[in-house]
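Asker:
Protein chains in written order, with this note's numbering: chain P, 1394 to 1610; chain G, 80 to 294.
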């Protein structure tokens, strides 16, 4: 989706503030843990979790801290999956504020760690491209999750290396299964991406699935 | 500020400290979600505590620094690291990376820089969790379009002849920068070399430190 999360090349965010902290308070750690454990439990996958962040209203996204976005996305994902509903969360927020406590239930064992979503898959199509091949990315504007950033659409690049078949995030984020596809590292010259605004000799490397790419003549 | 408001921030599981201020909306909702998940038997407080403890005990960038130091002293290891970092890091006793990991090497002619413009992808297996600035809108938006300006703000000036390669971690692969070994370090041990390798150097916004800087 052409969301505000797709930030590469945007202007106006000012200098980089050197905040070295990983977390700023304990609740952020618990949100991080809740999302990690929800994934381990198979409630939602990593791509659904990312897309939940991207679907925040743009103004809310920009106004939130990093872990406020994570908390928002955690709630969205749990509601989407029918694990919780908004009304019961609202009610619990009110109740917790009144009695000053959060209820707990009995502890139980977690299931074993699930198969990794992130490593290459054995299955999938044979790769169409080889290192050195010239490609051009699609000019495409999908409304759903994608890993082809706006700044690299309809741009010419070259295949740097092939990474094997990987779970296709664009499908996996929308409940369409893994649909593994060849994933490549693609090199784009800075001048191809940014024209005269490029700030010198350089290139950007992006990891792109084969379905984003066409052979360049 | 007054503590006389109507929130009592004692909880029946330990969040580590008391809160002198009212909860933010996000924190209040996160607590409500946790309590509901526990109450429904979906998660346990102990499991959340254990996950939090794992972050707190993570040695973070020290792992990556050991990888880089080994690469500096052992050319055969460096070759294996550059060919297949995912598995090479196991040779120095690290957990296998959950993501495919790729090491990219700085040279006198090439400088590498890692970013994630779409979210916050980062090589956790070797660097731990990312600092806030790495996840900031300013870094995410600027690193791909004006990497030299960004690097100069971090205090790293590059000659115009150096090619800057920006790795935008857009899919499942994570990137680790192997900085150049500083001159004058021939006599240092692997541990001493690791102390020269900062997290920032492995993201690509700094060089490895000179020995005098750590002495």
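Here a beta-carbon is modelled for each residue, glycine too, at the ideal position from N, C-alpha and C. Note that the coordinates shown come from a computational prediction; the quantities given were computed from them, not determined experimentally.
Using the beta-carbon of each residue, which ones in chain G are nearer than 9 Å to residue 1482 (chain P)?
Answerer: 108, 111, 112, 115
Asker: Classify residue 130 (chain G) as buried or exposed, calling it buried when 16 or more other Cβ atoms lie within 10 Å of its own Cβ.
Answerer: buried
Asker: Residues of chain G with CB closer than 7 Å to the CB of residue 1430 (chain P), please, in chain order.
Answerer: Those are 122, 126, 127, 130, listed as they occur along chain G.
Asker: Would residue 147 (chain G) pass as a contact of residue 173 (chain G) if the rule is Cβ separation under 9 Å?
Answerer: no
Asker: Cβ of residue 1522 (chain P) within 9 Å of Cβ of residue 1548 (chain P)?
Answerer: Residue 1548 (chain P) sits away from residue 1522 (chain P), with the two beta carbons spaced by 9 Å or more.
Asker: Whether or not the stretch 1566 to 1577 of chain P and the stretch 1513 to 1521 of chain P are in contact is what I'm after, with contact meaning three or more pairs of Cβ atoms, one per stretch, closer than 8 Å; do they touch?
Answerer: yes
Asker: Name the chain G residues whose beta carbon is nearer than 8 Å to that of residue 1601 (chain P)?
Answerer: 249, 250
Asker: If you follow the alpha helix (DSSP H) that residue 1420 (chain P) is in, where does it begin and where does it stop?
Answerer: 1419 to 1433
Asker: Between the Cα of residue 1598 (chain P) and the Cα atoms of G:289, G:267, G:207, G:250, which residue gives the shortest distance?
Answerer: It is G:250 whose Cα lies nearest to the Cα of residue 1598 (chain P).
Asker: Less than 9 Å between CB atoms is the rule here; does residue 186 (chain G) satisfy it with respect to chain P?
Answerer: no
Asker: Using a Cβ cut-off of 7 Å, pull out every chain G residue sitting near residue 1474 (chain P), in sequence order please.
Answerer: Simply none; closest approach about 11 Å.
Asker: Apply the 10 Å Cβ neighbour rule to residue 1533 (chain P) and answer buried if 16 or more other Cβ atoms are within range, or exposed otherwise.
Answerer: Residue 1533 (chain P) counts as exposed, since fewer than 16 other C-beta atoms from the protein chains shown sit within 10 angstroms of its C-beta.
Asker: Going by the CB atoms, is the gap between residue 1606 (chain P) and residue 179 (chain G) shorter than 9 Å?
Answerer: no
Asker: Tell me the DSSP bridge mates of residue 151 (chain G)?
Answerer: Residue 151 (chain G) pairs with nothing; no bridge assigned.
Asker: What span of residues does the alpha helix (DSSP H) with residue 1548 (chain P) cover, start to end?
Answerer: For residue 1548 (chain P), there is no enclosing alpha helix (DSSP H), since its DSSP letter is neither H nor E.
Asker: Spell out whether any CB of chain P is found under 9 Å from the CB atom of residue 95 (chain G).
Answerer: Because residue 95 (chain G) sits at a pLDDT of 49, beneath the cut-off of 50, its placement in the model cannot be relied upon, and the following sentence gives the value as read from the coordinates. Yes - at least one Cβ of chain P is within 9 Å of the one on residue 95 (chain G).
Asker: May I ask you to report which of helix, strand or coil DSSP gives residue 1559 (chain P)?
Answerer: strand
Asker: List the residues of chain G that residue 1398 (chain P) touches, going by C-beta distances under 8 Å, in chain order.
Answerer: 197, 198
Asker: Can you give the Cα-Cα distance for residue 1610 (chain P) and residue 1527 (chain P), rounded to whole angstroms?
Answerer: 8 Å
Asker: Taking the alpha carbon of residue 168 (chain G) as the point to measure from, which residue in G:224, G:236, G:202 has its own alpha carbon closest?
Answerer: G:202
Asker: So with Cβ pairs under 9 Å, would you call residue 179 (chain G) a contact of chain P?
Answerer: yes
Asker: Using 9 Å as the threshold, is the C-beta distance between residue 1416 (chain P) and residue 215 (chain G) below it?
Answerer: no
Asker: If you follow the beta strand (DSSP E) that residue 1581 (chain P) is in, where does it begin and where does it stop?
Answerer: Residues 1574 to 1582.
Asker: Taking a contact to mean a Cβ-Cβ separation below 9 Å, would you say residue 1451 (chain P) touches residue 1401 (chain P) in this structure?
Answerer: For the 9 Å CB-CB criterion, residue 1451 (chain P) and residue 1401 (chain P) do not form a contact.
Asker: Contact criterion: CB-CB distance below 9 Å. Does residue 1413 (chain P) meet it with respect to chain G?
Answerer: The beta-carbon of residue 1413 (chain P) is placed less than 9 Å from the nearest beta-carbon of chain G.
Asker: Using the DSSP secondary-structure output, state which residues sit across from residue 247 (chain G) in a beta bridge.
Answerer: P:1599, G:194
Asker: Given this structure, state the Cα-to-Cα distance separating residue 254 (chain G) from residue 159 (chain G), to the nearest angstrom.
Answerer: 15 Å
Asker: Taking DSSP's pairing of strands, which residues face residue 1529 (chain P) in a bridge?
Answerer: Paired residues: P:1549, P:1607.
Asker: Just the C-alpha distance for residue 209 (chain G) and residue 1491 (chain P), rounded to the nearest angstrom, thanks.
Answerer: 36 Å
Asker: Tell me whether residue 1586 (chain P) sits in a helix, a strand or coil according to DSSP, three-state version.
Answerer: The three-state reading of DSSP puts residue 1586 (chain P) in helix, counting H, G and I together.
Asker: Does any residue of chain P have a CB that is nearer than 9 Å to the CB of residue 161 (chain G)?
Answerer: Taking Cβ atoms only, chain P never reaches closer than 9 Å to residue 161 (chain G), which makes this a no.
Asker: With a threshold of 9 Å between beta carbons, is residue 157 (chain G) in contact with chain P?
Answerer: no
Asker: With DSSP run on the structure shown, which of helix, strand or coil describes residue 1472 (chain P)?
Answerer: helix
Asker: Kindly indicate the opening and closing residues of the beta strand (DSSP E) around residue 254 (chain G).
Answerer: 252 to 257
Asker: Measure the Cβ-Cβ separation of residue 290 (chain G) and residue 271 (chain G) and say whether it is below 9 Å.
Answerer: yes
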